[in-house]
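K.L.:
Below is a structure I'd like to ask you about.
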Amino acid sequence: MVDALRQAATNHTEHMQLVQTAHEATLEYHKTAQHTRELELLKLRTQLAHYERSMTFAVANKARPNSIPVNNNTDMSNTISGSGNGISEDGRRTIEDVLTSHAKAQQERHVK
Numbered sequence: 002m003v004d005a006l007r008q009a010a011t012n013h014t015e016h017m018q019l020v021q022t023a024h025e026a027t028l029e030y031h032k033t034a035q036h037t038r039e040l041e042l043l044k045l046r047t048q049l050a051h052y053e054r055s056m057t058f059a060v061a062n063k064a065r066p067n068s069i070p071v072n073n074n075t076d077m078s079n080t081i082s083g084s085g086n087g088i089s090e091d092g093r094r095t096i097e098d099v100l101t102s103h104a105k106a107q108q109e110r111h112v113k
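According to my numbering, the stretch in the sequence shown is residues 2 to 113, in order.
This is how it looks when you write it as structure tokens:
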């Protein structure tokens, strides 16, 4: 009887160690995924800020419309601008437009 209780306690301890290890691995995975999402968000914010600066410059210099940087990259690998322009009447894209077009591009890449 005592041996059975010791064996049960040992089994429980080993099981809890496995659970703890799995839990730590899961936490590490989620921390890494969160960090990746934060880096992607910073990248998108940087691209958006660059885009907004270029659009502000273009609106201020309407006499020189060719000064707007154009990205003709159609594979969407290094851009957040989609095939639709998503530009509002005042010539600026909203954050939602940019994030939506980026999400669509991500989905299209995963479908291919």
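C-beta: ideal position from N, C-alpha, C; glycine also.
No experiment lies behind these values; they were computed from the predicted model shown.
(1) Would LEU40 pass as a contact of HIS103 if the rule is Cβ separation under 8 Å?
(2) Put SER17 into one of helix, strand or coil per three-state DSSP.
(3) Is MET56 helix, strand or coil when you go by DSSP?
(4) Counting C-beta neighbours from all protein chains within 10 Å, is the total for LEU43 16 or more, i.e. buried, or is it exposed?
(5) Ignore the nearest five residues each way along the sequence and tell me which others in THR47's own chain have a CB closer than 6 Å to its CB.
P.N.:
In this structure, then:
(1) Their beta carbons are not under 8 Å apart, which means LEU40 does not touch HIS103 by this criterion.
(2) Looking at the sequence provided, one finds Met at residue 17 rather than Ser. MET17 falls in the helix class under three-state DSSP.
(3) Helix, per DSSP.
(4) With fewer than 16 other Cβ atoms within 10 Å, it is exposed.
(5) Excluding sequence positions up to five before and after THR47, its CB lies less than 6 Å from no other CB in the same chain.
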